[in-house]
Amino acid sequence: MKNRDTKRVGAYYSDVTDHYLLYGDGFHYGLGTDPSEPHHRRLVRSHELLVSSLRIDSSWRVLDLGCGVGSFAVWCAKTFGCRVVGVNICAAHLALARKRATAQGVAHRSEFVGADFHHLPFHEGTFDLIVNQESLCYARDKAAYFARVHNILRPGGAYRAIAFTRAPGPRRDRAKLRHERVCHGFHIPDLAQLPALTTWLEAAGFEKVKGVDITTETLLTARFIAKHCLIPVALGKVGLDGLVFRQGRRSQLNHRGHFTAGLAYSKGLIDGDFVHGFLSGQRLSAP
Ligand SMILES: C[S@@+](CC[C@H](N)C(=O)[O-])C[C@H]1O[C@@H](n2cnc3c(N)ncnc32)[C@H](O)[C@@H]1O
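Counting in the working numbering, the sequence shown runs from 1133 upward without gaps.
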């Protein structure tokens, strides 16, 4: 069952999908510090980080929570021959993900499920790997969420996430304002700090928990996105964005929030207000 917040998030993503697609076929920050690389290569490096040090084979079942348009799930099924399940609340994303799986020849190994990841419809011990690629921020109660993710992993199974987080330490006014803009525009309940996320993972029973700051890897993408958002944000400030985004009031507000949040998070990464985090943990192996 979707609650009101989840419905708002789904409506937001449905309204702005075309704009996300302009950044590439994954709705996440690309990783890499070589300016001569194409953006697509950086998007794939984020997938590679999520599976680093794992020996995935065709027997694995991988779950991608908040799977966007299937960028990671389809890449994973194609690269390792494994079975993948993507979960999303946004019907438009699920349709694009299924289309992508078919086009890439992995539809028979992929399933895309319309569900809210606060209410996951899976049995205990089902998955070998569970990932959140820039979707963990939507989990309202991280402790309860991690407990459920832990439960549906097989013993010894891995959890990996790439996550938006707030920088540690006292917050300046600029950082507070950017945090508000990110949460408002992307419809995120709140951004946690990286150490809080690792603490919640451990409390849920995960072992070998790590949280690594990967912000420097995102800076080329952050500059690219900040540049892309500047004109729409400027038009929004003088109320002229309605001329460009003509699909009605809700859609106009969602677009305005989207570009404002994209600019705030990207500039905040560059200025040290936010930390892009890589999280990993493992469910205890069976004795
Ligand atoms: C920033 S996008 C990231 C998409 C994808 N992981 C990627 O890296 O391309 C966040 C995604 O999480 C999904 N999402 C947000 N809240 C969700 C929830 N409660 N349950 C399932 N999916 C959710 C959104 O619809 C969107 O597709």
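We put the CB at the ideal spot given by N, CA and C, even for glycine.
Just how far apart, CA to CA, sit THR1258 and VAL1217? Answer to the nearest angstrom: the Cα atoms are 11 Å apart.
Collapsed DSSP secondary structure at PRO1170 in the structure displayed: It is coil, neither helix nor strand.
At a cut-off of 7 Å, is CYS1199 close to ligand 1 when judged by its beta-carbon and the heavy atoms of the ligand? In this structure, CYS1199 has its CB closer than 7 Å to one or more heavy atoms of ligand 1.
Put GLU1243 into one of helix, strand or coil per three-state DSSP. Note: GLU1243 maps to strand in three-state DSSP.
Residue of ASP1157, ARG1174, ARG1187 minimising C-alpha distance to THR1165: ARG1174 is the residue among ASP1157, ARG1174, ARG1187 whose C-alpha sits nearest the C-alpha of THR1165.
In the structure shown, what three-state DSSP assignment does ASN1386 receive? It is helical.
Inter-residue CB distance, ALA1354 and TYR1152 (contact presumed, cutoff 8 Å): That pair is no contact at about 16 Å.
Out of GLN1379, LEU1367, TYR1277, THR1347, point me to the one whose CA is closest to LEU1333's CA. Ranking the options by Cα distance to LEU1333, first place goes to TYR1277.
So, using beta-carbon positions, are PRO1287 and ARG1415 closer together than 8 Å? Yes, Cβ-Cβ distance for PRO1287 and ARG1415 is below 8 Å.
Measure the Cβ-Cβ separation of GLY1409 and ASP1345 and say whether it is below 8 Å. Cβ distance < 8 Å, so GLY1409 and ASP1345 count as in contact.
Please go through the region 1151-1213 and give each complete alpha helix (DSSP H) segment of 4 or more residues, from N-terminal end onward. Taking only runs of at least 4 residues, the alpha helix (DSSP H) segments lying wholly in the region 1151-1213 are 1171-1182, 1203-1212.
Should the region 1235-1245 be called in touch with the region 1218-1226, which here means at least 3 C-beta pairs below 8 Å? Taking a contact to require three or more Cβ pairs closer than 8 Å, the region 1235-1245 and the region 1218-1226 qualify as touching.
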